[in-house]
Amino acid sequence: MAERVFEGNKKWVEKVHLRAPGELARMANGQEPHSAIIECADSRMHIVKSGGMHLGEIFTITQNAGNIIDRHDHGTSANAAYFIRHLLKTKPGEEDREGLVWVVGHYNCGGIKALDHLATVEKEIKKHLKKALPAKKFVDRAIRENNLEVSEEDRHRMIVEANMLLQTANLMKVAYVKEAMKKGKLTIANAVYDVGTGELHKGFPTLDRYGLTEDAARWFMKPALVRTIRALFIGKKR
Numbered sequence: 575m576a577e578r579v580f581e582g583n584k585k586w587v588e589k590v591h592l593r594a595p596g597e598l599a600r601m602a603n604g605q606e607p608h609s610a611i612i613e614c615a616d617s618r619m620h621i622v623k624s625g626g627m628h629l630g631e632i633f634t635i636t637q638n639a640g641n642i643i644d645r646h647d648h649g650t651s652a653n654a655a656y657f658i659r660h661l662l663k664t665k666p667g668e669e670d671r672e673g674l675v676w677v678v679g680h681y682n683c684g685g686i687k688a689l690d691h692l693a694t695v696e697k698e699i700k701k702h703l704k705k706a707l708p709a710k711k712f713v714d715r716a717i718r719e720n721n722l723e724v725s726e727e728d729r730h731r732m733i734v735e736a737n738m739l740l741q742t743a744n745l746m747k748v749a750y751v752k753e754a755m756k757k758g759k760l761t762i763a764n765a766v767y768d769v770g771t772g773e774l775h776k777g778f779p780t781l782d783r784y785g786l787t788e789d790a791a792r793w794f795m796k797p798a799l800v801r802t803i804r805a806l807f808i809g810k811k812r
């Protein structure tokens, strides 16, 4: 398996040289990503490839099971600070570049499915995934209170999308993110990836279909954040 990686690397380097001569050499001079991402650690997830991006365009803030944001995690806050305070910086005297942060979930997410049986998973996994439980609680409450007839597949997709909203709310509480958004230098975008089709969908298509996107935003956020996020969301229901 290791040799396969090295052989693959040789072929990849050759392809890059053919497609864009000098690109790798330029990479050695530094990075200037226009976007950053929070996504799941699932091996089927790769927004750089699925979104048609290239090396150096997207910086990773965190990648973990369930695309969870823990604003008290030093790695997450450090990456957010580095992207906002350093990678978006320009030359002295010039205005800083505007940045975009993606919060991306995906259907058929094992971490989200595990929320239904947390008692059976390892304690480390349980401690981590509990941070996504409010998404499951919102969806189950909404289904019950609105007497919705929802398939298991749609319920799963709704929880995936509600978790994207939950983690967006958590992201907006990170000090560097909050500061950059107030200055109008940072925008948050949401997308959900369908591993079965390879398609990346804007926003929250399943929650939109059931008319629950704004309810979910109000569930996870203070009124001021709801107003902010309503203006910023890509894919919001119109």
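So the sequence shown is numbered by the numbering used here: it starts at 575 and just counts up by one.
Glycine included, C-beta positions come from ideal geometry on N, C-alpha and C.
With 16 other Cβ atoms within 10 Å as the buried cut-off, status of residue i
i, result
"SER651", "buried"
"GLY685", "buried"
"LEU592", "exposed"
"HIS815", "Nothing about residue 815 can be reported from this structure: the residues present for the chain run from 575 to 812 only."
"LEU760", "buried"
"ASN583", "exposed"
"ALA594", "exposed"
"THR694", "exposed"
"VAL751", "buried"
"ILE808", "Note that ILE808 has pLDDT 39, beneath the 50 cutoff, so the model's placement of it is unreliable and the number below is only indicative. It counts as exposed."
"ALA610", "buried"
"LYS585", "exposed"
"THR780", "buried"
Proximity below 8 Å, CB of residue i to CB of residue j
i, j, result
"GLY770", "VAL734", "no"
"VAL675", "ILE635", "yes"
"VAL677", "LEU745", "yes"
"LEU722", "TYR784", "yes"
"GLY772", "ASN764", "no"
"ALA639", "VAL748", "no"
"ASP782", "HIS775", "no"
"ILE632", "PRO607", "yes"
"GLN605", "LEU661", "yes"
"PHE794", "PRO708", "yes"
"ALA743", "ASP789", "no"
"GLU613", "GLN637", "yes"
"VAL590", "GLU597", "yes"
Residues that DSSP places opposite residue i in a beta bridge
i, result
"VAL766", "GLY679, HIS775"
"THR636", "ILE612"
"GLY684", "Per DSSP, none; premise fails for GLY684."
"GLY673", "LEU760"
Of the residues the options, the one placed nearest residue i, counting alpha carbons only
i, options, result
"PHE657", "SER725, ASP670, HIS646", "ASP670"
"GLY673", "ALA576, ILE762, LEU781, MET795", "ILE762"
"ASN682", "ILE612, LYS756, ASP728, ALA599", "ASP728"
"ARG600", "SER609, LEU629, MET619", "LEU629"
"LYS704", "ASP616, ASP644, GLU726", "ASP644"
"VAL713", "MET575, LYS756, LEU739", "LEU739"
"HIS646", "HIS702, GLY625, LEU598", "HIS702"
Under the three-state DSSP convention, the category residue i falls into
i, result
"SER609", "strand"
"LEU722", "coil"
"ARG812", "Residue placement at ARG812 is flagged as unreliable, the pLDDT there being 39, under the threshold of 50; a coordinate-derived value is accordingly withheld."
"GLY649", "helix"
"MET575", "coil"
"PRO708", "helix"
"TRP793", "helix"
"GLY582", "helix"
"THR664", "coil"
"ALA594", "coil"
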